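Going by our numbering, the first residue of the sequence shown is number 15, and it counts up by one from there.
Note that beta-carbon positions come from the ideal geometry of N, C-alpha and C, so glycine has one too.
Just so we're clear, the structure is a prediction, and the values are computed from it rather than from any experiment.
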Amino acid sequence: MQAPSLPCHWASLPSPSVREAASMYGTAVAVFLVILVAALQGSAPPESPFPYRIPLDPEGALELSWNVSYSQEAVHFQLLARRLRAGLLFGMSDRGELKNADLVVLWTDGDSAYFADAWSDRKGQVHLDAQQDYQLLQAQRTPEGLSLLFKRPFATCDPKDYLIEDGTVHLVYGILAEPFRSLEAINTSGLQTGLQRVQLLKPDIPTPAVPSDTRTMEIRAPDVLIPDQETTYWCYITELPKDFSRHHIVMYESVITAGNEALVHHMEVFQCAAEFDSFPHFSGPCDSKMKPDRLNYCRHVLAAWALGAKAFYYPEEAGVAFGGPGSSRFLRLEVHYHNPLQIKGRRDSSGIRLYYTATLRRFDAGIMELGLVYTPVMAVPPRESAFVLTGYCTDKCTQLALPPSGIHIFASQLHTHLAGTKVVTVLARDGREREIVNRDNHYSAHFQEIRMLKKVVSVHQGDVLITSCTYNTQDREHATVGGFGILEEMCVNYVHYYPRTELELCKSAVDAGFLQKYFHLVNRFNNEDVCTCPQASVPEQFASVPWNSFNRDVLEALYGFAPISMHCNRSSAVRFQGDWNMQPLPRIISTLEEPTPQCPAIRGPSPASPTVVSITGGQR
15 MQAPSLPCHW ASLPSPSVRE AASMYGTAVA VFLVILVAAL QGSAPPESPF PYRIPLDPEG
75 ALELSWNVSY SQEAVHFQLL ARRLRAGLLF GMSDRGELKN ADLVVLWTDG DSAYFADAWS
135 DRKGQVHLDA QQDYQLLQAQ RTPEGLSLLF KRPFATCDPK DYLIEDGTVH LVYGILAEPF
195 RSLEAINTSG LQTGLQRVQL LKPDIPTPAV PSDTRTMEIR APDVLIPDQE TTYWCYITEL
255 PKDFSRHHIV MYESVITAGN EALVHHMEVF QCAAEFDSFP HFSGPCDSKM KPDRLNYCRH
315 VLAAWALGAK AFYYPEEAGV AFGGPGSSRF LRLEVHYHNP LQIKGRRDSS GIRLYYTATL
375 RRFDAGIMEL GLVYTPVMAV PPRESAFVLT GYCTDKCTQL ALPPSGIHIF ASQLHTHLAG
435 TKVVTVLARD GREREIVNRD NHYSAHFQEI RMLKKVVSVH QGDVLITSCT YNTQDREHAT
495 VGGFGILEEM CVNYVHYYPR TELELCKSAV DAGFLQKYFH LVNRFNNEDV CTCPQASVPE
555 QFASVPWNSF NRDVLEALYG FAPISMHCNR SSAVRFQGDW NMQPLPRIIS TLEEPTPQCP
615 AIRGPSPASP TVVSITGGQR
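Here it is in structure tokens:
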């Protein structure tokens with residue numbers, strides 16, 4: 015049973031002078047909305063000035079819509095509260111906590127309603143921000159609930175504010191169940207709270223045309239009973255029709271079962287390995303003991319969607335080939351259900367709709383793996399807040415494997431396991447870092463999607479691609495080694511590019527012999543506590559290391575200078591011809607600087623006081 019709403023004086027009438035001001039304010043808001051709609055007509059229908067929309071909470075009581083203005087360097091938010099009680103908090107934080115968060119708060123003291131830019135400290139106490147950068151544009155009661163329209167610049171140069179940048183943003187919210195006499199009386203620790211991850215700054219790129227002979231195919235879960243647990247990964251095997259000829263995928267989008275928008279977190283479609291004639295049909299949890307082992311060979315990504323993502327279009331000159339000779343007919347759909355309220359009895363048939371054409375485009379699009387090889391020689395010590403591992407696609411590999419005209423990267427999917435917090439890939443040429451391929455400073459393993467790049471990145475023969483991942487292991491007592499397990503780690507960037515080449519994997523790892531020298535050195539300085547016997551595996555050797563600052567710093571230094579083993583692999587998993595062991599690290603003489611936030615033009619001092627809210631619209 016839903017708790018009854020507490021009395022709230024949202025509809026109390028303002029005094030005559032305030033009413034007159036509110037009328038003028040409403041007229042200004044109406045003019046703003048007309049301008050906003052006109053400005054967005056190139057990227058969204060006129061009736062939809064907010065093209066992006068997500069449910070914030072599992073029940074769908076809070077819904078966020080937004081648009082991005084790159085000319086103004088601001089985000090406009092529309093927050094719909096369907097069952098508002100006494101107010102709410104909404105904002106952003108580094109990892110999705112409501113402590114140390116940048117917030118906007120709507121609350122009532124029982125008589126009036128207020129809106130304010132605020133922040134929370136490490137104890138969850140809410141404070142009024144001295145610089146009011148969230149600007150309320152409209153508060154309106156609608157048939158669906160209370161709608162708030164407000165905006166905020168990407169960067170404010172306010173130390174209490176979150177810097178909105180490319181990549182993942184952890185949105186947070188809290189529900190106020192009772193009035194508060196002041197903003198400072200609110201503490202987030204006692205509220206109903208939650209988080210949602212999105213990419214707020216969607217790239218502003220034109221939508222390519224879809225061919226007239228395009229057909230669709232839906233890869234959907236078969237009426238799954240969503241388990242009543244917080245996290246479930248569901249795997250489903252299906253197959254293409256027999257004699258399905260070669261086609262190009264030119265677009266895909268999500269198909270979400272109505273009512274499950276808040277439960278379906280992300281989905282991926284994988285193509286299975288062509289060397290197997292058949293794959294057993296399966297529908298069940300991906301971690302089930304009943305899952306056939308052969309499903310582990312369904313790893314080639316065809317499509318990936320995450321909450322908040324719209325349709326994904328391939329460039330007009332390229333498409334992803336599937337079907338025909340040399341291509342497996344078997345596909346694996348993986349759906350991540352996020353059910354924190356452990357709702358029972360909900361059924362789901364969500365999936366991904368592929369748009370494909372028999373009229374092949376000029377280029378096949380390809381996917382290339384960059385970063386680190388899945389190997390335990392790359393490890394992160396325990397109790398680290400920001401330990402960095404780096405993988406290389408060297409100039410020797412690109413010189414040998416790329417065509418003279420180069421390749422063009424148009425999209426990217428970053429990937430680590432649970433300890434990853436930041437991923438970046440940089441293009442270097444002639445020893446100098448030239449441009450960022452993709453960066454996510456707030457990466458989360460729980461939010462992975464293929465993201466279109468704002469600018470196509472061209473890679474030429476002799477270029478170097480450097481992928482670095484930052485890890486947090488503060489909650490771990492032992493070293494975290496590289497590998498396939500969820501508690502092991504990866505550092506990968508799956509770049510989507512054209513034209514497709516034979517190069518499918520361009521990754522590195524530290525030379526295993528140099529790592530053994532590390533273990534011998536550590537053993538000498540730790541009274542032979544470290545197992546260096548030949549029969550010990552690398553994970554066993556790392557497990558025996560007594561982690562102190564010396565052992566940690568020496569490992570970090572080793573990764574920074576030791577030679578590497580390069581995997582410059584064809585799609586057959588066979589390396590290109592050449593000597594790929596004991597390769598020197600690429601020499602980088604100039605690195606890119608971290609971008610400096612562009613702050614808004616200096617305004618007059620904003621009043622450090624809450625805004626009294628006058629809510630328009632009909633009665634409740």
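Classify residue i: buried if its beta carbon has 16 or more other beta carbons within 10 angstroms, exposed otherwise.
{"i": "I200", "result": "buried"}
{"i": "R538", "result": "exposed"}
{"i": "T605", "result": "exposed"}
{"i": "K436", "result": "buried"}
{"i": "S419", "result": "exposed"}
{"i": "P63", "result": "buried"}
{"i": "R229", "result": "exposed"}
{"i": "K410", "result": "buried"}
{"i": "R136", "result": "exposed"}
{"i": "G181", "result": "buried"}
{"i": "L368", "result": "buried"}
{"i": "I500", "result": "exposed"}
Just to confirm my understanding: we take residue i, look at its own chain, exclude 5 residues before and 5 after, and list those with CB closer than 7 Å. What are they?
{"i": "I578", "result": "Y406, S522, A523, V524, D525, Q597, L599"}
{"i": "A459", "result": "T430, H431, L432, G434"}
{"i": "H261", "result": "F336, G337, Y370, T371, A372"}
{"i": "K305", "result": "C249, F296, G298"}
{"i": "R375", "result": "H262, E331, A332, G333"}
{"i": "C300", "result": "Y247, W248, C249, E348"}
Would you list the one or two residues that DSSP bridges to residue i?
{"i": "I366", "result": "I233, S268"}
{"i": "G385", "result": "V506, K521"}
{"i": "K165", "result": "H90, Q149"}
{"i": "H352", "result": "T245"}
{"i": "N583", "result": "L519, R589"}
{"i": "D378", "result": "G333"}
{"i": "L403", "result": "C483"}
{"i": "Y187", "result": "F104, G208"}
{"i": "A425", "result": "M466, H510"}
How many whole angstroms separate the CB atoms of residue i and residue j, which I take to be in contact at a CB cut-off of 8 Å?
{"i": "I480", "j": "D362", "result": "Actually they do not touch by this definition, with Cβ atoms about 40 Å apart."}
{"i": "P624", "j": "Y128", "result": "4 Å"}
{"i": "E348", "j": "F284", "result": "7 Å"}
{"i": "L403", "j": "C545", "result": "With 8 Å as the limit, L403 and C545 do not qualify as a contact, their Cβ atoms being about 23 Å apart."}
{"i": "M265", "j": "F326", "result": "7 Å"}
{"i": "A393", "j": "V495", "result": "5 Å"}
{"i": "H456", "j": "H279", "result": "Actually they do not touch by this definition, with Cβ atoms about 17 Å apart."}
{"i": "I178", "j": "V89", "result": "6 Å"}
Let me know the secondary structure DSSP gives residue i once reduced to three states.
{"i": "H314", "result": "strand"}
{"i": "T202", "result": "helix"}
{"i": "A127", "result": "strand"}
{"i": "R260", "result": "coil"}
{"i": "L214", "result": "coil"}
{"i": "V180", "result": "For the sequence presented, residue 180 should be read as Asp rather than Val. DSSP places D180 in coil when its eight states are reduced to three."}
{"i": "L70", "result": "coil"}
{"i": "H534", "result": "helix"}
{"i": "P553", "result": "helix"}
{"i": "L117", "result": "strand"}
{"i": "E158", "result": "coil"}
{"i": "G527", "result": "helix"}
{"i": "E34", "result": "Its pLDDT being 40, under 50, E34 is placed unreliably in this model, and the coordinates cannot settle the point."}
{"i": "T412", "result": "helix"}
{"i": "D454", "result": "strand"}
{"i": "N81", "result": "strand"}
{"i": "L501", "result": "coil"}
{"i": "A622", "result": "coil"}
{"i": "S563", "result": "helix"}
{"i": "A393", "result": "strand"}
{"i": "F290", "result": "coil"}
{"i": "A571", "result": "helix"}
For residue i, I'd like the list of residues in its chain whose CB is within less than 8 Å of its CB, leaving aside the five on either flank, ordered along the chain.
{"i": "A442", "result": "R448, D477, V478, L479, I480, P600, I602"}
{"i": "A622", "result": "L142, D143, A144, Q145, Q146"}
{"i": "E87", "result": "P167, F168, A169, Q612, P614"}
Spatial neighbours of residue i within its chain, please: CB distance less than 6 Å, with the 5 preceding and 5 following residues excluded, ordered by chain position.
{"i": "A7", "result": "This structure cannot settle anything about residue 7, because the visible part of the chain is limited to 15 through 634."}
{"i": "D71", "result": "G208"}
{"i": "F528", "result": "A576"}
{"i": "F258", "result": "G337"}
{"i": "R566", "result": "P395"}
{"i": "A75", "result": "R96, R97"}
{"i": "E267", "result": "A325, R367"}
Taking 7 Å as the cut-off, does the CB of residue i come closer than this to any heavy atom belonging to the ligand GTP?
{"i": "G188", "result": "Among the components of this structure there are no ligands whatsoever, and the ligand GTP is therefore not found."}
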